[in-house]
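Enquirer: Residue numbering for the sequence shown follows full-length UniProt numbering, beginning at 1 and increasing consecutively.
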Amino acid sequence: MYLVKFLYTVFLFPPGLFILALLIFAWWRRRSRALARAALLAAGLLYLASIGLVSGPLVHSLEARHTPPTRVSGDVIIVLGGGATLDTPNLGTGGHLYGSSANRLLTGLQLHHKLGVPIIYSGGQVFATGGVEAEIARSILLSLGVPGDKIIAETASLNTGDNARYTAAILAERGYTRPILVTSAYHMERAVRQFRKAGVAVLPYPTDYQENIRRAFHHTDLWPTPVAAGQLTLALKEYLGLAAVNWY
1 MYLVKFLYTV FLFPPGLFIL ALLIFAWWRR RSRALARAAL LAAGLLYLAS
51 IGLVSGPLVH SLEARHTPPT RVSGDVIIVL GGGATLDTPN LGTGGHLYGS
101 SANRLLTGLQ LHHKLGVPII YSGGQVFATG GVEAEIARSI LLSLGVPGDK
151 IIAETASLNT GDNARYTAAI LAERGYTRPI LVTSAYHMER AVRQFRKAGV
201 AVLPYPTDYQ ENIRRAFHHT DLWPTPVAAG QLTLALKEYL GLAAVNWY
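Dropping the structure here:
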């Protein structure tokens, strides 16, 4: 069964299916050296872009920049959004948080139970097809027993820079001075820099890890998978964001 899973995962689904198609095309057009070489080059690049051996270390290099503190204290918890559906059925509200957003919210909830301090959830409606994240998060927190006066929904943010600027205004207005920042580990460095630009020093509390802390090679790191391709996209987006954070 493991061999069967390997075969259909690698060869029947993208990106492995596309790699195989490019290799077949290169063999079919082998007499046209230019076309064959272009197809082989495309297959090679697509393969490298979709294996854990490449994407894993890139994501790990981002996640390793911050670690959750052994002793955590603060007067407010800031949770950054990461996407939501618009009208999917949910208890008490329409819309669900995406996986990363839900992981961030769960960690924020755990910290709230530990410290008893308010939660600011920062996230608006980025796309017309998505939900207003902070409102969905507020409904979820209320259903889990968090008092309404302990929840602050920041609904205007469309990106990490907005998260920092709009949340900084809330902190100043309400007198919070020791915020704990919760976001995905791969996103934490960029978020910390944006908050620093907004004049806010935060205590980073990363969550939603995509890679193990002690990363070890496994043969599946050589399989082309959509998960690895997605991780590469995450890593490249963050490195581009880090390069742009000084002027945006």
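Note that beta-carbon positions come from the ideal geometry of N, C-alpha and C, so glycine has one too.
1. Just the C-alpha distance for Gly-108 and Arg-30, rounded to the nearest angstrom, thanks.
2. So for Ala-34, helix, strand or coil by DSSP?
3. Nearest by alpha-carbon distance to Tyr-248: which of Ala-191, Ala-235, Leu-222, Ala-216 is it?
4. Residue range of the alpha helix (DSSP H) that Ile-77 falls in?
5. Tell me whether Ala-21 sits in a helix, a strand or coil according to DSSP, three-state version.
6. Taking only three categories from DSSP, how would you classify Glu-63?
7. What ranges does the alpha helix (DSSP H) occupy inside the segment 145 to 178, keeping only unbroken runs of at least 4 residues that lie completely in it?
8. Can you say whether Ala-128 is buried or exposed, counting buried as having 16 or more other CB atoms within 10 angstroms of its CB?
9. Do Lys-150 and Ile-180 have their C-beta atoms closer together than 9 Å?
10. Just mark Gly-78 as buried or exposed, buried being the case when its beta carbon has 16 or more other beta carbons within 10 Å.
11. Check this for me: beta carbons of Gly-123 and Val-132, under 9 Å apart or not?
12. Going straight from the alpha carbon of Thr-160 to that of Leu-222, what length do you get?
13. Go to Thr-233, then tell me how far its alpha helix (DSSP H) extends in each direction, as first and last residue.
14. Could you spell out the range, first to last residue, of the alpha helix (DSSP H) harbouring Ile-119?
15. Smallest Cα separation from Pro-69: which of Gln-210, Ala-185, Val-200, Arg-215?
16. Following the continuous beta strand (DSSP E) through Thr-207, name the residue where it begins and the one where it ends.
17. Helix, strand or coil for Ser-184 per DSSP?
18. Which residue comes first and which comes last in the alpha helix (DSSP H) that contains Arg-104?
19. For a test of the three-state rule: what should DSSP assign to Thr-85, helix, strand or coil?
20. By the 10 Å Cβ neighbour count, where 16 or more other Cβ atoms means buried, how is Thr-225 classified, buried or exposed?
21. Restricting to Cα atoms, I'd like to know which of Leu-3, Pro-15, Thr-155, Thr-220 is closest to Gly-230.
22. Ala-42 to Leu-20, Cα distance in whole Å?
Expert: The structure says:
1. 57 Å
2. helix
3. Ala-191
4. Element bounds for Ile-77: not the alpha helix (DSSP H) but the beta strand (DSSP E), 76 to 80.
5. helix
6. helix
7. 160 to 174
8. exposed
9. no
10. Per the sequence shown, residue 78 should be read as Ile rather than Gly. Classification of Ile-78: buried, given that the 10 Å Cβ count is 16 or more.
11. yes
12. 33 Å
13. 226 to 244
14. Per DSSP, Ile-119 belongs to no alpha helix (DSSP H); it is in the beta strand (DSSP E), 119 to 122.
15. Ala-185
16. 203 to 207
17. strand
18. 99 to 115
19. strand
20. buried
21. Pro-15
22. 11 Å
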